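Number 13 in the UniProt record's numbering belongs to position 13 of the sequence shown; there are no gaps in the numbering. Comments concern the structure below.
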Amino acid sequence: MAEKQAYVREVQDLIDEGIPEDVAVQVYQFLVERFERAHHKPEVKDFRAELSELHKSERRYFRDCVDDWLSDMPFPIELTWREVKFKPNRISRCEICSDYFYDVSRNGRKVTCYKGSYCEHEYEVRRKRPGTVIDPIYKRKVNEVSVDMAPDKSDKRGNAALTEMERAAWEDEQDYGIPDPDMFDKLR
Ligand SMILES: [Zn+2]
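What follows is the structure, given as structure tokens:
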């Protein structure tokens with residue numbers, strides 16, 4: 001059976017060690033979050049550069065951070081910097097929520113984070129709409145060609161049609177997946 005090469009090496013290694021797949025992915029997301037608390041930079045390239053620099057010239061400190069944070073989590077086996085090889089250059093920014101995440105994909109082209117499926121879903125929804133992903137044009141499909149956008153107060157039918165159209169559009173916008181309330185639930 002051919003091995004499915006879905007993940008970068010450092011994630012696949014954890015899976016091979018017996019860590020469940022989703023946990024192996026979230027371990028790296030967790031470290032991004034911790035590094036962000038300790039060394040936040042508003043620009044992704046600066047954040048990567050800062051951590052790369054620490055990784056290179058403050059190796060001891062970098063490893064201690066990783067070990068320290070990993071020890072907070074009850075993994076089925078002990079994990080340290082030796083098993084969890086955090087690579088600063090894999091840090092990316094989610095196109096939907098703008099949070100930093102660790103891209104575990106083989107091709108390094110993931111555009112959304114790993115917090116539940118909300119961002120992934122929302123990205124797909126926006127991608128199919130006209131306009132850019134960041135600033136989509138919410139196109140309303142109106143079957144009734146006769147909807148008056150500013151009906152007279154006395155125009156009951158016109159007002160009802162407009163209300164109905166706005167309700168339908170509102171419902172469209174509510175139509176997304178529910179984000180995972182806590183991405184580390186599985187680790188506790
Ligand atoms: Zn996101």
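The beta carbon of each residue, even a glycine, is placed where N, CA and C say it ideally should be. Here the structure is a predicted model, which means the values were calculated and not measured.
Roughly how far, in whole angstroms, is the beta-carbon of V8 from the beta-carbon of L31, given that I think they are within contact range, below 8 Å? At roughly 14 Å, the Cβ-Cβ gap does not stay under 8 Å, so V8 and L31 are not in contact.
Is the distance from the Cβ of D103 to the Cβ of S117 below 8 Å? Using a Cβ distance threshold of 8 Å, D103 and S117 do not count as a contacting pair.
Shorter than 7 Å, the distance from the beta carbon of K110 to the closest heavy atom of ligand 1, or not? Every heavy atom of ligand 1 is 7 Å or more from the Cβ of K110, so no.
Proximity of G18 and I77 at Cβ, strictly below 8 Å: Their beta carbons are under 8 Å apart, which means G18 touches I77 by this criterion.
Where do the N-terminal and C-terminal ends of the alpha helix (DSSP H) with F47 fall, by residue? In the DSSP annotation of this structure, the continuous segment of the alpha helix (DSSP H) that includes F47 starts and ends at 44–57.
Among residues of its own chain, excluding the 5 on either side of L79, which ones have a beta-carbon nearer than 6 Å to its beta-carbon? Same-chain partners within the cutoff: L70.
Can D99 be considered in contact with ligand 1, in the sense that its beta carbon sits closer than 7 Å to one or more heavy atoms? Correct: D99 has its Cβ closer than 7 Å to ligand 1.
Distance between E53 and E120 (C-alpha atoms, nearest Å): A straight-line Cα-Cα distance of about 31 Å links E120 and E53.
Could you tell me which residues DSSP puts in a beta bridge with R93? Bridge partners of R93 according to DSSP: Y100.
C-alpha gap between S154 and E166, whole angstroms: Counting only the Cα atoms, E166 lies some 19 Å from S154.
Distance CB(P88)-CB(R48) smaller than 8 Å: A contact, by the Cβ cut-off of 8 Å.
Between I91 and ligand 1, is the CB less than 7 Å from at least one heavy atom? In terms of side-chain proximity, the C-beta atom of I91 is found no nearer than 7 Å to any non-hydrogen atom of ligand 1.
If you reduce the DSSP assignment to three classes, tell me which class A2 lands in. For A2, the predicted model reports a pLDDT of 47, less than 50, meaning its position is unreliable; a value from the coordinates is still stated below. DSSP places A2 in coil when its eight states are reduced to three.
Thinking C-alpha only, which one of N159, F101, V111 is nearest E95? For the options N159, F101, V111, the alpha carbon positioned closest to that of E95 is the one of V111.
Please classify A24 as buried or exposed, where buried requires at least 16 neighbouring CB atoms within 10 angstroms. In this structure A24 is buried. Its beta-carbon is surrounded by 16 or more other beta-carbon atoms within 10 angstroms.
Integer-rounded CB distance, given that Y114 should sit under 8 Å from Q12: The C-beta distance from Q12 to Y114 rounds to 16 Å, too long to meet the 8 Å contact threshold.
Using the three-state DSSP reduction, which class does N143 fall into: helix, strand or coil? Its pLDDT being 47, under 50, N143 is placed unreliably by the model, and nothing is read from it.
Please say whether Q29 and F86 have beta carbons closer to each other than 8 Å? No, the Cβ-Cβ distance between F86 and Q29 is not below 8 Å.
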